[in-house]
Amino acid sequence: MRQAYPVRLGPAEQTLIDQLKAAGADQAAERLSVAGLPTRRFESYHYTDLKTLLRSVPPLGAPANQVDVPALSLPGAFNLTLVNGVASQQGEAPEGVIVGTAHGGVLTTRDDAIVHINSGLVRESLSLSLDSTLDQIVQIAHRIEGEAAHVADAIKVFVADGATATIVETFSGSDAAHVGNHAMYMALGKGAVVTHVTIDLSARATSHFATNEYHLADGARLRTLVIHLGAGLARTHLFPHMGGADAHADVTGLNLVSDGQHADITMETHHAVPHTSSQPLFKSIARGRSKAIVQGKLVVARDAQKTDAKFMHQGLMLSDEAEILSKPELEIYADDVVCGHGSTCGQLDDDSLFYLLSRGIPKAEAETMLVRGFIAELLDPVDDEGLNSALQGIIDGWLLGGK
Amino acid sequence: MADYDIPTLKEEIDRETVDQVLALDVDKYKYGFETLIESDVAPPGLNEDIVRLISAKKDEPEWMLEWRLEAFRRWQTMDEPTWAKVHYPKIDFQAISYYAAPKAFKGPKSLDEVDPELLKTYAKLGIPLKEQAILAGVEGAGEPTGTPFSGNVAVDAVFDSVSVVTTFRAELAKQGIIFCSISEAIREHPELVKQYLGSVVPVTDNYYATLNSAVFTDGSFVFIPKGVRCPMELSTYFRINEKNTGQFERTLIIAEDDTYVSYLEGCTAPTRDENQLHAAVVELVALDNAEIKYSTVQNWYPGDKDGKGGIYNFVTKRGDCRGTNSKISWTQVETGSAITWKYPSCILRGDGSRGEFYSIAISNGYQQVDSGTKMIHLGKNTSSRIISKGIAAGLSDNTYRGQVSAHARAKNARNFTQCDSLLIGDKCGAHTVPYIESRNGTAVFEHEATTSKISDDQLFYCQARGLNEEEAVALIVNGFVRDVLQHLPMEFMVETQKLISISLEGSVG
Chain A
1 MRQAYPVRLG PAEQTLIDQL KAAGADQAAE RLSVAGLPTR RFESYHYTDL
51 KTLLRSVPPL GAPANQVDVP ALSLPGAFNL TLVNGVASQQ GEAPEGVIVG
101 TAHGGVLTTR DDAIVHINSG LVRESLSLSL DSTLDQIVQI AHRIEGEAAH
151 VADAIKVFVA DGATATIVET FSGSDAAHVG NHAMYMALGK GAVVTHVTID
201 LSARATSHFA TNEYHLADGA RLRTLVIHLG AGLARTHLFP HMGGADAHAD
251 VTGLNLVSDG QHADITMETH HAVPHTSSQP LFKSIARGRS KAIVQGKLVV
301 ARDAQKTDAK FMHQGLMLSD EAEILSKPEL EIYADDVVCG HGSTCGQLDD
351 DSLFYLLSRG IPKAEAETML VRGFIAELLD PVDDEGLNSA LQGIIDGWLL
401 GGK
Chain B
1001 MADYDIPTLK EEIDRETVDQ VLALDVDKYK YGFETLIESD VAPPGLNEDI
1051 VRLISAKKDE PEWMLEWRLE AFRRWQTMDE PTWAKVHYPK IDFQAISYYA
1101 APKAFKGPKS LDEVDPELLK TYAKLGIPLK EQAILAGVEG AGEPTGTPFS
1151 GNVAVDAVFD SVSVVTTFRA ELAKQGIIFC SISEAIREHP ELVKQYLGSV
1201 VPVTDNYYAT LNSAVFTDGS FVFIPKGVRC PMELSTYFRI NEKNTGQFER
1251 TLIIAEDDTY VSYLEGCTAP TRDENQLHAA VVELVALDNA EIKYSTVQNW
1301 YPGDKDGKGG IYNFVTKRGD CRGTNSKISW TQVETGSAIT WKYPSCILRG
1351 DGSRGEFYSI AISNGYQQVD SGTKMIHLGK NTSSRIISKG IAAGLSDNTY
1401 RGQVSAHARA KNARNFTQCD SLLIGDKCGA HTVPYIESRN GTAVFEHEAT
1451 TSKISDDQLF YCQARGLNEE EAVALIVNGF VRDVLQHLPM EFMVETQKLI
1501 SISLEGSVG
């Protein structure tokens, strides 16, 4: 078998192994030295071959000065920061929010290199417990500051039965070749309603990795929105677990890539019990010589009858050199379900463009209008006005930012 | 009937559909008989001597032997692929015999000289070679003896490792068409074989293709010269008979400029406890404005109700649209085999070339199907279309795996893919794994995997004419399935008629 051959380890892998060993994570180090970083042969990394994309890893980040300016200005938000993995809170926590820390990583063990590295390196995670209906947005700003650094951090969020919350995570930092490896574990109690927005605003030199795990109990409703637009290499891996009847998840995401960028959203939704539904919707916009990737897998367990799941990915290519790669996947073991997926890609519709041009709108403006229309489906469901306009502002900035 | 219960079903699932699928249950395999005929079988095992033996048996020139040996050496360094969603015990390649031929066999000849036992076998399979010749008025073919068989089809009958007869050769030769077994082609048309063999599926393409290159035995060779439209359907009928053997078919079809050919393939095997390996390679080459239509009804023995026995069908099929405006169309109806691992593909190299793939895959019992297609867009203005229907019943798993890719220079590549699956019962699985790779901004790809996607316009049209919604849906779905089957030549209609009424209502994506 191919696996029997020893894997040739590159400098990135060597550094990671040393860092894991120094952190006492011998098992993770051992695993990485046997298997190496995932290549395209590893299905969930089919289009993001870390062995070739991640050539080097900087030293582990040292604690840095706290910067208390949040990446998004959201009026009235409760702000938390994680600077080089060290958590701090701005102002008093609102009622019903308990902020604390816990030992070790937060993710469920699974066969995934990024997960192993995160769990191996994280010593202390930030934990949040949300007990009631929150009017304030909880904003968590991840920053990697100073010289190029490798930072792993983790957050665990418990949303109590019947609670409602909006959580925004931003990723940013100094302009250096950082590697960020971020983990989020979120448990939604019965009937909990959560909106979770993550937005990568890192510098172009940074490599950004995020793994988000969601566990939904009966009647829980989740909306996620992942936006990639900063890092040169960005990948978010989503694992929604539909574990309670009538749970529903709208898992959405947007890849915005310009020349030289590579962004990947990979989702694996597990419908474990009967009567759950999910509606993953992803969009990618690529310009210049760039790559946008969306992989979405829907797994319906043997007993998960009456599952209703529909995956959709739409790609828009604004240049001839852009690449949009997608792999929707269905793995279905129950017979009384409605599951489907769709994936399309193409350019802006000539007819629509002509319609606008013939009404005197300049070409660039017409194109921007059409692209905004294309994205609207993702932004419209974000109810909070302040958040919605902040996201719209960032996206507009990208649209006007040229190649 | 299998020992699992007839599943309770959703109301929307058409009862008739279920009955049709259950009627195809593995227990009811009707081609499971064995022909008792003395055979010349190579000792089990695989080494260079066996490769030499096969080459010698086929009276091959030196270059062919070298080609085989090189493939064999390469194969020894390769690993079995494990990415497909199929599970089976590791195959012991040393336990299989790589050559088997009816004993009295001296090489393909005229119908009169063929062992009557063999002709009987083919008649039993619904391919009465002799009657066909008579109906077509071949001189000296004698009087009809049995039920007449409709149609005008030239047949190459492959029995275990050898082609026993090829009909209508003289008629076809008048137009310059070469239709013979690949062994004959290697001897008689070495320049064509040298030029094209391995040019679509390279020797080192994948594990099973490399194995096939080393030990392939027989298959068909078709050459259509410039400007000729093949006047009749060409067909090959593959039969595995001998036990403990593998069949390694090799087919090569070359369509020169401005030609058309339709080729049919059928396959069956006797009921046996052991698993038998069928590893085939099929290569199609279409030059400027040529069109090749390749249809398969795959009905290898699927194993019994307990999953014992059955054929492992590991096949590499690929068509190369080399010329401008060339077209290759694959149609397949897959009902047999314990395991199917098969991805008929099109390389759309010529500008304006077109690839099509129509498939109905039905699995039952313990069958495992992992099938699909690849459409590789390389030329400008190329288009492709994929329609796939998977139906899983019993304890089977049915996977569609496909790739559509447009390379950087494939301006205006266009693809439409639709794949639907239906699960009957709660012990089976249906999976869809498409890879959609657009590396060119002008490419337009659409992929959908759901049955609820019947166009609103069509529904509205039907409903405006007085049909209720259900009737309208049934009409559209049935029309659509028939549309896939229409791509099969008439001769396969008998075989596939049972499947026509299958509706896909209540199916999942």
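Going down the list, the protein sequences come from chains A and B. Residue numbering for the first sequence follows our numbering, starting at 1 and increasing by one per position. Residue numbering for the second sequence follows our numbering, starting at 1001 and increasing by one per position. Cβ atoms here follow ideal geometry from the backbone N, Cα and C, with glycine treated the same way.
Spatially closest choice to residue i from the options, by CA coordinates
i                      : options                           : result
residue 255 (chain A)  : A:272, A:281, A:186 and A:246     : A:281
residue 290 (chain A)  : B:1175, B:1043, B:1439 and B:1088 : B:1439
residue 278 (chain A)  : A:319, A:339 and A:202            : A:339
residue 1345 (chain B) : B:1402, B:1444 and B:1434         : B:1402
residue 1234 (chain B) : B:1210, B:1375 and B:1157         : B:1157
residue 283 (chain A)  : A:311, A:365 and A:271            : A:311
residue 1255 (chain B) : B:1301, B:1296, B:1325 and B:1272 : B:1325
residue 386 (chain A)  : A:330, A:73 and A:24              : A:73
residue 1257 (chain B) : B:1353, B:1073 and B:1072         : B:1353
residue 1032 (chain B) : B:1206, B:1407 and B:1309         : B:1309
residue 146 (chain A)  : A:120, A:177 and A:159            : A:177
residue 1225 (chain B) : B:1203, B:1206 and B:1173         : B:1173
Rounded separation between residue i and residue j - CA only
i                      : j                      : result
residue 335 (chain A)  : residue 1422 (chain B) : 8 Å
residue 116 (chain A)  : residue 1208 (chain B) : 35 Å
residue 348 (chain A)  : residue 1446 (chain B) : 15 Å
residue 91 (chain A)   : residue 99 (chain A)   : 12 Å
residue 1155 (chain B) : residue 1236 (chain B) : 5 Å
residue 1145 (chain B) : residue 1243 (chain B) : Unreliable placement is indicated for residue 1145 (chain B), whose pLDDT of 37 sits below 50; no coordinate value is reported for it.
residue 372 (chain A)  : residue 230 (chain A)  : 19 Å
residue 193 (chain A)  : residue 345 (chain A)  : 32 Å
residue 127 (chain A)  : residue 76 (chain A)   : 21 Å
residue 390 (chain A)  : residue 1330 (chain B) : 51 Å
residue 1509 (chain B) : residue 1316 (chain B) : The predicted model places residue 1509 (chain B) with a pLDDT of 34, which falls under 50 and marks its position as unreliable; any figure quoted below should be read in that light. The straight-line gap from Cα to Cα measures roughly 26 Å.
residue 1373 (chain B) : residue 261 (chain A)  : 30 Å
residue 142 (chain A)  : residue 1371 (chain B) : 45 Å
residue 1007 (chain B) : residue 1361 (chain B) : Here residue 1007 (chain B) scores only 49 on pLDDT, less than 50, and its place in the model is too uncertain to base an answer on.
residue 57 (chain A)   : residue 172 (chain A)  : 18 Å
residue 377 (chain A)  : residue 395 (chain A)  : 13 Å
residue 1135 (chain B) : residue 1180 (chain B) : The predicted position of residue 1135 (chain B) is uncertain, since its pLDDT is 46 and thus under 50; no value can be drawn from it.
residue 167 (chain A)  : residue 1334 (chain B) : 50 Å
residue 1098 (chain B) : residue 16 (chain A)   : 49 Å
residue 1245 (chain B) : residue 1264 (chain B) : 24 Å
residue 364 (chain A)  : residue 25 (chain A)   : 52 Å
Beta-carbon contacts of residue i that lie in its chain and below 7 Å, excluding the five residues immediately before and after
i                      : result
residue 1241 (chain B) : 1034, 1035, 1159, 1160 and 1270
residue 1414 (chain B) : 1383 and 1444
residue 370 (chain A)  : 348, 352 and 353
residue 53 (chain A)   : 233 and 262
residue 392 (chain A)  : 379
Cutoff 8 Å; reference residue i; Cβ partners in own chain excluding five residues on either side
i                      : result
residue 244 (chain A)  : 190, 216, 217, 218, 219, 220, 273 and 276
residue 204 (chain A)  : 175, 230, 231, 232, 260 and 261
residue 1327 (chain B) : 1286, 1290, 1291, 1292, 1321, 1353, 1354, 1355 and 1356
residue 97 (chain A)   : 78, 128, 129, 130, 131, 134 and 138
Own chain partners of residue i with C-beta closer than 6 Å, once the 5 adjacent residues on each side are dropped
i                      : result
residue 343 (chain A)  : 313, 326 and 328
residue 1341 (chain B) : 1084, 1314 and 1370
residue 398 (chain A)  : 229 and 256
Residue i beta carbon near the ligand SAH (any heavy atom closer than 8 Å)
i                      : result
residue 1117 (chain B) : Annotation note on the ligand SAH: not contained in the displayed structure, which lists no ligands.
Inset, instruction - Output the residue ranges of the alpha helix (DSSP H) runs that lie fully inside the segment 1166-1253 of chain B and measure 4 residues or longer, sorted by chain position. - result: Within the segment 1166-1253 of chain B, the complete alpha helix (DSSP H) runs of at least 4 residues are 1169-1173, 1182-1188, 1190-1196 and 1207-1215.
Inset, instruction - Tell me the start and end of each unbroken alpha helix (DSSP H) in the segment 330-378 of chain A that is at least 4 residues and wholly inside, in chain order. - result: Every alpha helix (DSSP H) stretch that sits fully inside the segment 330-378 of chain A and reaches 4 residues is listed by chain position as 350-357.
Inset, instruction - Below 7 Å between beta carbons is the criterion; list the residues of the segment 1288-1317 of chain B that meet it against any residue of chain A, in chain order. - result: For chain A, none of the residues of the segment 1288-1317 of chain B brings a beta carbon within less than 7 Å of one of its beta carbons.
Legend entry - Residues in the segment 332-353 of chain A having any Cβ partner in chain B nearer than 8 Å: Those would be 332, 333, 334, 335, 336, 337, 338, 339, 340, 341, 342, 343, 344, 345, 346 and 347, in chain order.
Inset, instruction - Note down, in chain order, all residues in the segment 320-332 of chain A with a beta-carbon under 9 Å from any beta-carbon belonging to chain B. - result: Within the segment 320-332 of chain A, the qualifying residues are 320, 321, 322, 323, 324, 325, 326, 327, 328, 329, 330, 331 and 332.
Legend entry - Contact list for the segment 1363-1374 of chain B against chain A, Cβ threshold 7 Å: Per Cβ criterion, the list is empty.
Inset, instruction - Give the residues from the segment 1026-1059 of chain B that approach chain A closer than 9 Å (Cβ to any Cβ), ordered along the chain. - result: Here the close residues number zero.
Inset, instruction - Taking a Cβ distance cut-off of 9 Å, strictly less, list which residues of the segment 1431-1446 of chain B are near chain A, in chain order. - result: Answer in chain order: 1431, 1432, 1433, 1434, 1435, 1436, 1437, 1438, 1439, 1440, 1441, 1442, 1443, 1444, 1445 and 1446.
Inset, instruction - Compile a chain-ordered list of the residues in the segment 1067-1094 of chain B whose CB is closer than 7 Å to at least one CB of chain A. - result: Listed in sequence order: 1079.
Inset, instruction - Mind listing, in chain order, the continuous beta strand (DSSP E) runs of no fewer than 3 residues lying wholly within the segment 264-328 of chain A? - result: Whole beta strand (DSSP E) segments, 3+ residues: 281-286, 291-300 and 308-317.
Inset, instruction - Name, going along the chain, the residues of the segment 255-284 of chain A whose beta-carbon falls closer than 8 Å to a beta-carbon of chain B. - result: Flagged: no residues at all.
Inset, instruction - Scan the segment 21-65 of chain A and note each continuous alpha helix (DSSP H) run of 4 residues or more that stays entirely inside, going in chain order. - result: Counting only runs of 4 or more, we get 26-35 and 50-53.
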